[in-house]
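Asks: Quick mapping for you: the protein sequence lines, in order, are chains Y and R.
All residue numbers in the first sequence are consecutive under the working numbering, ending with 692.
All residue numbers in the second sequence are consecutive under the working numbering, ending with 692.
The structure under discussion is supplied below as structure tokens; questions concerning it will follow.
Protein chains: 2
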Amino acid sequence: MDSHRLLVFRQIARTGSIAGAARALGWTQPAVSQHLRLLERQAGLPLVLRRPRGVRLTEAGQALLRHADAVAARLQAAADEMSALAQLEGGTVRLATFPSAGATLVPAAMSLLATRHPALDVRLLQAEPPEALELVVAGEADLAVTFAHAGQRPAEPSGLVSVPVGTDPVRLVLPRGHAGARAGDVDLRSLAAERWIAGCARCTAYLEEVCGTAGFAPDVRHGSDDYVVVQSLIAHGLGVGLLPRLALDAFRDPRVAVRDVPGLRPRTIQVTHHREAARTPAVRAAVRAVLDAAADRSAGRRDPGQGRAADSAHSAASSS
Amino acid sequence: MDSHRLLVFRQIARTGSIAGAARALGWTQPAVSQHLRLLERQAGLPLVLRRPRGVRLTEAGQALLRHADAVAARLQAAADEMSALAQLEGGTVRLATFPSAGATLVPAAMSLLATRHPALDVRLLQAEPPEALELVVAGEADLAVTFAHAGQRPAEPSGLVSVPVGTDPVRLVLPRGHAGARAGDVDLRSLAAERWIAGCARCTAYLEEVCGTAGFAPDVRHGSDDYVVVQSLIAHGLGVGLLPRLALDAFRDPRVAVRDVPGLRPRTIQVTHHREAARTPAVRAAVRAVLDAAADRSAGRRDPGQGRAADSAHSAASSS
DNA sequence: GCCCGGACCCAAGAAACGCTTATGGCTCGC
DNA sequence: GCGAGCCATAAGCGTTTCTTGGGTCCGGGC
Numbered sequence: 373m374d375s376h377r378l379l380v381f382r383q384i385a386r387t388g389s390i391a392g393a394a395r396a397l398g399w400t401q402p403a404v405s406q407h408l409r410l411l412e413r414q415a416g417l418p419l420v421l422r423r424p425r426g427v428r429l430t431e432a433g434q435a436l437l438r439h440a441d442a443v444a445a446r447l448q449a450a451a452d453e454m455s456a457l458a459q460l461e462g463g464t465v466r467l468a469t470f471p472s473a474g475a476t477l478v479p480a481a482m483s484l485l486a487t488r489h490p491a492l493d494v495r496l497l498q499a500e501p502p503e504a505l506e507l508v509v510a511g512e513a514d515l516a517v518t519f520a521h522a523g524q525r526p527a528e529p530s531g532l533v534s535v536p537v538g539t540d541p542v543r544l545v546l547p548r549g550h551a552g553a554r555a556g557d558v559d560l561r562s563l564a565a566e567r568w569i570a571g572c573a574r575c576t577a578y579l580e581e582v583c584g585t586a587g588f589a590p591d592v593r594h595g596s597d598d599y600v601v602v603q604s605l606i607a608h609g610l611g612v613g614l615l616p617r618l619a620l621d622a623f624r625d626p627r628v629a630v631r632d633v634p635g636l637r638p639r640t641i642q643v644t645h646h647r648e649a650a651r652t653p654a655v656r657a658a659v660r661a662v663l664d665a666a667a668d669r670s671a672g673r674r675d676p677g678q679g680r681a682a683d684s685a686h687s688a689a690s691s692s
Numbered sequence: 373m374d375s376h377r378l379l380v381f382r383q384i385a386r387t388g389s390i391a392g393a394a395r396a397l398g399w400t401q402p403a404v405s406q407h408l409r410l411l412e413r414q415a416g417l418p419l420v421l422r423r424p425r426g427v428r429l430t431e432a433g434q435a436l437l438r439h440a441d442a443v444a445a446r447l448q449a450a451a452d453e454m455s456a457l458a459q460l461e462g463g464t465v466r467l468a469t470f471p472s473a474g475a476t477l478v479p480a481a482m483s484l485l486a487t488r489h490p491a492l493d494v495r496l497l498q499a500e501p502p503e504a505l506e507l508v509v510a511g512e513a514d515l516a517v518t519f520a521h522a523g524q525r526p527a528e529p530s531g532l533v534s535v536p537v538g539t540d541p542v543r544l545v546l547p548r549g550h551a552g553a554r555a556g557d558v559d560l561r562s563l564a565a566e567r568w569i570a571g572c573a574r575c576t577a578y579l580e581e582v583c584g585t586a587g588f589a590p591d592v593r594h595g596s597d598d599y600v601v602v603q604s605l606i607a608h609g610l611g612v613g614l615l616p617r618l619a620l621d622a623f624r625d626p627r628v629a630v631r632d633v634p635g636l637r638p639r640t641i642q643v644t645h646h647r648e649a650a651r652t653p654a655v656r657a658a659v660r661a662v663l664d665a666a667a668d669r670s671a672g673r674r675d676p677g678q679g680r681a682a683d684s685a686h687s688a689a690s691s692s
């Protein structure tokens with residue numbers, strides 16, 4: 373039951389004649405006639421009675437017309453839905469993100485996205501970078517917002533591509549009364565004797581690496597990937613730690629002091645998706661929203677250095 | 373949104389890969405690949421993500437799959453319904469018939485049809501021959517069972533074809549006590565002085581014609597196309613009349629006598645339909661049932677002369 | 001570490017489908 | 001009776017569509 377012929381048959385029924393259907397379709401009469409003949413052969417039944425002024429549907433023709441109308445309606449619905457998805461007048465996009473971005477950058481991006489495409493259903497999933505990438509690979513998320521500390525290679529599964537979003541400086545967090553809090557910047561080597569609070573597994577590895585470069589092995593006493601917990605431990609004088617600025621933007625314990633450590637390279641933020649998903653409008657729009665949100669944050673902080681990184685990444689993605 | 377491509381896409385979704393869809397369809401892989409590419413171009417969106425082990429549907433692809441499934445189901449339903457109609461496992465056939473056949477021949481035919489094709493919906497419409505043909509022309513009936521008196525030309529609208537079903541002798545009806553009822557056969561000329569009861573318009577014309585041939589003009593006092601009324605009038609001695617055997621088979625007033633009139637040619641019964649409707653299984657089956665019912669009636673009466681006419685007509689129709 | 005197999009894409013050629021042109025039959029209306 | 005409208009058939013050609021024969025990428029096994 374060829375559906376193309378079915379739609380031709382629908383025109384025959386509409387106009388009441390083969391010649392009329394041909395006119396409606398912009399074809400010649402024999403073209404429609406042949407379609408009808410093949411359709412009748414497939415059906416094994418006459419579908420119309422040929423009469424002097426045109427044709428009249430047989431019972432089988434009327435039955436077939438009902439099906440043809442249903443098929444045409446469904447095809448139209450499919451085209452409409454595709455158009456809506458292409459115009460972002462619908463659809464879903466799922467972002468997997470790590471906590472500190474999920475409390476700062478990503479909500480801002482989601483807000484931008486909601487403003488630009490009100491009908492788009494944006495959903496957030498929280499996951500640390502490795503798990504976030506897994507979600508994308510497994511198809512349970514469309515985008516992963518991840519970070520990588522300087523010197524760490526982000527394990528990027530094949531088939532995925534990453535767009536740099538910007539950098540996130542890593543800062544030293546001390547108890548307010550700590551001696552180091554009196555200076556503006558702090559040299560890491562001066563903290564060789566401190567007790568340390570570590571973060572997630574990758575952050576701990578980073579901490580050990582930078583301390584090793586500074587010439588000592590950190591005395592890690594506690595660990596938590598929750599930046600509220602880390603700051604609380606520090607506030608109680610149980611150690612010092614490194615936290616990225618996004619985490620400190622998300623939550624800042626008033627009992628801690630924050631200082632820069634010269635030479636500490638920032639972690640990089642990136643957004644990752646399937647290589648081919650770049651052609652999906654929802655993914656493109658979401659990537660752009662993340663980049664724009666990052667640029668807005670940088671501009672709001674009046675920090676041209678950060679702004680450049682985000683801006684350049686943004687324009688690169690926009691042109692792709 | 374080409375539906376053929378949609379069905380190919382459905383196979384891609386089913387098998388999870390383009391190559392798998394190609395195997396399922398008995399095609400090569402590039403053929404399916406090209407269909408998918410054109411479908412994605414039409415949709416304006418990627419429908420699948422190409423991954424090492426095959427493809428994964430995007431959100432748009434999943435949406436399209438739902439439509440594709442619906443289209444496929446509707447096409448299958450259409451094919452099924454066409455098949456059912458072709459096998460006479462459904463459908464309707466409407467017979468228009470004149471009263472005396474509607475009380476005798478046609479119910480027998482309908483019963484045959486119901487036995488042979490229990491799912492076929494057979495419907496009867498009563499109409500005198502000219503109106504019955506109009507119903508067929510107007511598409512309100514599929515078949516017309518009509519009669520024509522000898523010498524009358526059945527006005528057959530163009531586009532219709534008629535199949536002879538058999539003949540129906542016209543008999544003389546007299547009051548039981550009438551002098552003519554004493555003889556076996558009756559000469560029409562002996563009834564020149566009688567008062568006559570006429571039937572329908574065409575029957576009245578026939579009466580006047582055969583009386584004219586016999587040399588007199590009938591004194592028509594009453595008229596009714598209802599054979600019960602006619603017999604009642606005759607039974608009450610209000611006149612004599614001619615009635616075809618089918619009418620007398622349908623109803624026989626015990627107070628009347630029936631005699632043959634030698635030389636009175638029988639009326640002919642025929643079944644008429646659109647020329648092209650001969651290819652419609654329901655119409656073919658109905659025509660055959662009418663012919664078979666007529667043959668059964670002839671055989672049941674042990675009247676080979678009648679049986680021959682019906683049989684020959686039957687075999688002619690069967691071979692068409 | 002390298003090769004092999006599976007899956008996909010692209011380009012070009014061949015087969016097939018589909019529309020057009022040309023012609024004829026039929027019915028209706030002037 | 002003849003033209004106009006509708007439909008059918010047959011032949012021709014163009015476009016679509018499938019195949020063939022390349023190539024790339026990724027993952028698994030020796």
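Even for Gly, the Cβ is constructed at its ideal location relative to N, Cα and C.
Would you report the Cα separation of residue 547 of chain R and residue 560 of chain R, rounded to the nearest angstrom?
Replies: Sequence index remark: in the second sequence, residue 547 of chain R carries index 175 (1-based). Sequence index remark: in the second sequence, residue 560 of chain R carries index 188 (1-based). Distance between the alpha carbons of residue 547 of chain R and residue 560 of chain R: 16 Å.
Asks: Run through chain R and tell me which residues come within less than 9 Å of residue 531 of chain Y, C-beta to C-beta.
Replies: Counted from its first residue, the first sequence places residue 531 of chain Y at position 159. Simply 421, 422, 423 and 424.
Asks: Is it the case that the Cβ atoms of residue 662 of chain Y and residue 537 of chain Y are separated by a distance below 8 Å?
Replies: Position 290 of the first sequence, counted from the first residue, corresponds to residue 662 of chain Y. Position 165 of the first sequence, counted from the first residue, corresponds to residue 537 of chain Y. Yes; because the gap between Cβ atoms is below 8 Å, this pair is in contact.
Asks: With a threshold of 8 Å between beta carbons, is residue 446 of chain Y in contact with chain R?
Replies: As a first step, residue 446 of chain Y is located in the first sequence; it is residue number 74 there, counting from the start. Yes, its Cβ sits closer than 8 Å to a Cβ of chain R.
Asks: Determine the chain Y residues that contact residue 417 of chain R at a beta-carbon separation under 8 Å, and present them in chain order.
Replies: One-based indexing of the second sequence puts residue 417 of chain R at position 45. Neighbours of residue 417 of chain R on chain Y, chain order: 454, 457, 458, 651, 652 and 653.
Asks: Would you mind telling me which residues of chain R sit closer than 9 Å to residue 499 of chain Y, beta carbon to beta carbon, in chain order?
Replies: Position 127 of the first sequence holds residue 499 of chain Y. What residue 499 of chain Y touches in chain R: nothing, since even the nearest Cβ is about 19 Å away.
Asks: Assuming contact is defined by CB atoms lying nearer than 8 Å, are residue 531 of chain Y and residue 651 of chain Y in contact in what I supplied?
Replies: Mapped onto the first sequence, residue 531 of chain Y falls at position 159. Mapped onto the first sequence, residue 651 of chain Y falls at position 279. Cβ distance not < 8 Å, so residue 531 of chain Y and residue 651 of chain Y don't count as in contact.
Asks: If residue 666 of chain Y sits next to residue 484 of chain Y, beta carbons under 8 Å apart, how far is it from one beta carbon to the other, in whole angstroms?
Replies: For the purposes of this step, residue 666 of chain Y is identified with residue 294 of the first sequence, where counting begins at 1. For the purposes of this step, residue 484 of chain Y is identified with residue 112 of the first sequence, where counting begins at 1. That pair is no contact at about 11 Å.
Asks: Measuring CA to CA, which of R:428, R:376, R:421 and R:565 is closest to residue 403 of chain R?
Replies: Within the second sequence, numbered from 1, the residue matching residue 403 of chain R stands at position 31. Looking at the Cα atoms, R:376 is the closest of the given residues.
Asks: Which one of R:490, R:658 and R:415 has the shortest CA to CA distance from residue 469 of chain R?
Replies: Here residue 469 of chain R refers to the residue found at position 97 when the second sequence is read from its first residue. Residue R:658 is the option with its Cα nearest to residue 469 of chain R.
Asks: In terms of residues, what are the limits of the alpha helix (DSSP H) holding residue 455 of chain Y?
Replies: The residue labelled residue 455 of chain Y in the question sits at position 83 within the first sequence. Its alpha helix (DSSP H) spans residues 431-458.
Asks: Using a Cβ-Cβ cut-off of less than 8 Å, give me the residues of the region 546-568 of chain R that come near chain Y, in sequence order.
Replies: Here the close residues number zero.
Asks: Give the straight-line distance between the Cα atoms of residue 476 of chain Y and residue 442 of chain R, rounded to the nearest whole angstrom.
Replies: The residue you call residue 476 of chain Y lines up with position 104 of the first sequence. The residue you call residue 442 of chain R lines up with position 70 of the second sequence. Those two C-alpha atoms are separated by around 43 Å.
Asks: Could you give the residue range of the alpha helix (DSSP H) that holds residue 660 of chain R?
Replies: Numbered from its first residue, the second sequence carries residue 660 of chain R at position 288. Counting along the chain, the alpha helix (DSSP H) containing residue 660 of chain R begins and ends at 653-672.
Asks: Does the beta carbon of residue 436 of chain R come closer than 8 Å to any beta carbon on chain Y?
Replies: Counting from 1 along the second sequence, the entry for residue 436 of chain R is found at position 64. It does; some Cβ of chain Y falls within 8 Å.
Asks: Nearest-angstrom Cα distance between residue 775 of chain R and residue 385 of chain Y?
Replies: Missing from the structure shown is residue 775 of chain R; chain R here goes from 373 to 692 and no further.
Asks: Which of the residues in the region 504-516 of chain R, read from start to end, lie with their CB under 7 Å from any CB of chain Y?
Replies: Under the 7 Å Cβ criterion, the region 504-516 of chain R contributes 511.
Asks: Can you tell me the Cα-Cα spacing of residue 436 of chain R and residue 446 of chain Y, whole angstroms?
Replies: The residue you call residue 436 of chain R lines up with position 64 of the second sequence. The residue you call residue 446 of chain Y lines up with position 74 of the first sequence. So the alpha carbons of these two residues sit roughly 10 Å apart.
Asks: List the residues that DSSP assigns as beta-bridge partners of residue 474 of chain Y.
Replies: Indexing the first sequence from 1 puts residue 474 of chain Y at position 102. Note: residue 474 of chain Y sits in no beta bridge, so no partner.
Asks: If you draw a straight line from the C-alpha of residue 690 of chain Y to the C-alpha of residue 535 of chain Y, how long is it?
Replies: On the first sequence, position 318 is the one that residue 690 of chain Y refers to. On the first sequence, position 163 is the one that residue 535 of chain Y refers to. Any reading at residue 690 of chain Y must be qualified, since the residue scores a pLDDT of 37, below 50, and its modelled position is unreliable; the value itself is stated next. Using only the alpha carbons, I get a separation of about 11 Å.
Asks: Starting from the C-beta of residue 456 of chain Y, find all residues in its chain whose C-beta is less than 7 Å away, skip the five residues before and the five after it, and write them out in chain order.
Replies: Along the first sequence, read from residue 1 onward, the residue named residue 456 of chain Y stands at position 84. Result list for residue 456 of chain Y: 462, in chain order.
Asks: Bridge partners for residue 568 of chain Y per DSSP, in chain order?
Replies: In the first sequence, residue 568 of chain Y corresponds to position 196, counting from 1. Bridge partners of residue 568 of chain Y: Y:592 and Y:612.
Asks: Candidates R:574, R:416 and R:672: which alpha carbon is nearest residue 454 of chain Y's?
Replies: As a position in the first sequence, residue 454 of chain Y is number 82, starting the count at 1. Among R:574, R:416 and R:672, the Cα nearest to that of residue 454 of chain Y belongs to R:416.
Asks: Would residue 419 of chain Y pass as a contact of residue 433 of chain Y if the rule is Cβ separation under 8 Å?
Replies: Walking along the first sequence from the start, residue 419 of chain Y turns up at place 47. Walking along the first sequence from the start, residue 433 of chain Y turns up at place 61. Taking 8 Å as the Cβ cut-off, residue 419 of chain Y and residue 433 of chain Y qualify as a contacting pair.
Asks: Can you check which of these residues, Y:509, Y:408, Y:523 and Y:438, is closest to residue 427 of chain Y by C-alpha distance?
Replies: Here residue 427 of chain Y refers to the residue found at position 55 of the first sequence. Nearest C-alpha to residue 427 of chain Y: Y:408.
Asks: In chain Y, what lies closer than 7 Å to residue 643 of chain R by C-beta?
Replies: To locate residue 643 of chain R, count along the second sequence from 1; it is residue 271. Per Cβ cutoff of 7 Å: no residues; residue 643 of chain R is ~17 Å from chain Y at best.
Asks: Straight-line CA distance for residue 503 of chain R to residue 422 of chain Y?
Replies: Residue numbering aside, residue 503 of chain R sits at position 131 when the second sequence is read from its first letter. Residue numbering aside, residue 422 of chain Y sits at position 50 when the first sequence is read from its first letter. Taking the straight line joining both Cα atoms gives about 21 Å.
Asks: Tell me where the alpha helix (DSSP H) around residue 520 of chain Y begins and ends.
Replies: Within the first sequence, the letter at position 148 stands for residue 520 of chain Y. Careful: residue 520 of chain Y lies outside any alpha helix (DSSP H), inside the beta strand (DSSP E) at 515-520.
Asks: How should residue 539 of chain Y be labelled, buried or exposed, when 16 other C-beta atoms within 10 angstroms of its C-beta is the threshold for buried?
Replies: Taking the first sequence and counting its residues from 1, the one referred to as residue 539 of chain Y is at position 167. Answer is buried; the Cβ neighbour count reaches 16.
Asks: Could you work out which residue in R:450, R:451 and R:440 is closest to residue 449 of chain Y when comparing CA atoms only?
Replies: Translated into positions along the first sequence, residue 449 of chain Y becomes position 77. The option with the nearest alpha carbon to residue 449 of chain Y is R:440.
Asks: Note the first and the last residue of the continuous beta strand (DSSP E) segment covering residue 693 of chain R.
Replies: The structure shown does not extend to residue 693 of chain R, since chain R is modelled only from 373 through 692, so no value can be given for it.
Asks: Assign residue 633 of chain R to one of three DSSP states: helix, strand, or coil.
Replies: Residue 633 of chain R sits at position 261 when you count from the first residue of the second sequence. In the structure shown, residue 633 of chain R sits in coil (DSSP, three-state: anything other than H, G, I, E or B).
Asks: Do you know how far the Cα of residue 425 of chain Y is from the Cα of residue 388 of chain R?
Replies: Taking the second sequence and counting its residues from 1, one reaches residue 388 of chain R at position 16. Taking the first sequence and counting its residues from 1, one reaches residue 425 of chain Y at position 53. Spanning the two alpha carbons is a distance of roughly 51 Å.
Asks: Take residue 555 of chain R and list the residues in its own chain whose beta-carbon comes closer than 8 Å to its own, dropping the five residues that flank it on each side.
Replies: Walking along the second sequence from the start, residue 555 of chain R turns up at place 183. 631.
Asks: Give the DSSP-derived three-state secondary structure of residue 646 of chain R in the structure shown.
Replies: Residue numbering aside, residue 646 of chain R sits at position 274 when the second sequence is read from its first letter. If DSSP states are grouped into helix, strand and coil, residue 646 of chain R belongs with the strands.
Asks: Please classify residue 514 of chain R as buried or exposed, where buried requires at least 16 neighbouring CB atoms within 10 angstroms.
Replies: For the purposes of this step, residue 514 of chain R is taken as residue 142 along the second sequence, with counting starting at 1. Per the 10 Å Cβ criterion, buried.
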